[in-house]
Every structure is written in C-alpha cells, then in structure tokens.
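First the structure, in the form of structure tokens, and then the observations on it.
Numbering (this note's numbering), first residue to last: 28 to 177.
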C-alpha cells in the first residue's frame with residue numbers, strides 16, 4: 028500500500044497581510060457579503076435601527092441566506108472610501124483575504140493579491156492563524172438560513 032504524504036500548503040510558512048484601508052475588497056461585481064442574523068442584530072443596534080428596518084433596507088436574500096445589498100458594484104456601507112460599519116462589520120469582511128476560496132491555491136492567492144495592496148506587507152500571519160480564520164469564515168457561511176431564523 029502506498030501512503031501519500033500530506034501536501035504542503037502554500038501558506039505553510041505564513042503570509043503577510045495588513046489592511047491599508049483602500050476599500051478594494053468592498054467593491055465587487057459578482058460577489059456577495061453574507062450576514063448572519065446575529066450580525067444583522069449588532070449592525071442594526073450600531074445604526075440605531077430595528078432588526079427589521081436594517082434587514083429590509085440593507086439586505087437581500089440569496090439561496091436562503093441574507094446578503095448585504097450593493098450600490099454601484101460596492102457594498103452599500105462603503106462610503107467616502109471607507110466602511111461605515113467597520114467596527115461591527117460581518118465576519119466575512121473581518122476574515123478577508125483569508126477566505127477558503129482564496130486559500131485553495133497559490134494561483135488563487137496571487138489573483139487576490141493583484142487586487143489587494145495589503146497582501147505581502149504588514150504582519151506575518153502563521154499557518155495556525157490562517158487556519159483559524161478560515162474556520163471562522165466557514166462557520167459563519169454555514170450558519171442558519173433565513174427560513175430557519177423566522
């Protein structure tokens with residue numbers, strides 16, 4: 028029997044990243060920012076809105092999950108080149124650029140790096156930190172659907 032060695036991940040030695048505040052990750056032509064019921068509640072409180080007001084004003088449904096609306100191919104909360112929800116932004120935003128989809132291969136990481144000026148500078152995230160961030164992102168995206176929360 029041939030045993031296969033585990034493949035070494037391209038980020039095994041860690042990756043550098045520091046947010047520069049450029050806002051490029053807030054601009055998207057074909058993506059979604061998923062937001063959980065708890066995150067809606069926190070954001071609504073932050074904006075002095077009810078859950079229902081926030082949800083009706085700032086979210087849509089996509090495949091049974093709530094997603095933030097976009098405005099001109101950018102997040103609805105991206106104004107004057109900054110996030111107006113930064114302190115209470117959704118987990119998906121907090122975990123960028125270490126999303127599972129970005130970490131699948133060095134090729135994908137390089138595509139993201141072309142759009143994100145913070146990749147390759149700043150502090151070094153260890154393999155363990157990246158793995159933890161990816162798990163947090165996956166738990167958020169695997170959260171309850173809209174119908175499960177109603």
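Using N, Cα and C, we set each Cβ at its ideal position, and we do this for glycine too.
Would you mind stating whether residue 66 and residue 148 have Cβ atoms separated by less than 8 Å? no
Residue 144 - DSSP class collapsed to helix/strand/coil: coil
Residue 90 - DSSP class collapsed to helix/strand/coil: coil
Applying the 10 Å Cβ sphere with the 16-neighbour rule, what's the burial state of residue 150? exposed
Can you give the Cα-Cα distance for residue 105 and residue 49, rounded to whole angstroms? 11 Å
Is residue 98 buried or exposed, if buried means 16 or more other CB atoms sit within 10 Å of its CB? exposed
Alpha carbon to alpha carbon, how far is residue 71 from residue 110? 15 Å
Quick one: which unbroken alpha helix (DSSP H) runs of 4-plus residues sit fully inside the region 30-80? Chain order, please. 64-73
Leaving aside the five residues before and after residue 145 along the sequence, list all residues of the same chain whose C-beta is less than 7 Å from its C-beta, in chain order. 44, 45, 46, 47
Rounded to whole angstroms, what is the Cα-Cα separation between residue 36 and residue 117? 27 Å
Span separating the alpha-carbon of residue 62 from that of residue 74: 15 Å
If distances are taken between C-alpha atoms only, which option among 103, 108, 160, 114 comes closest to residue 129? 160
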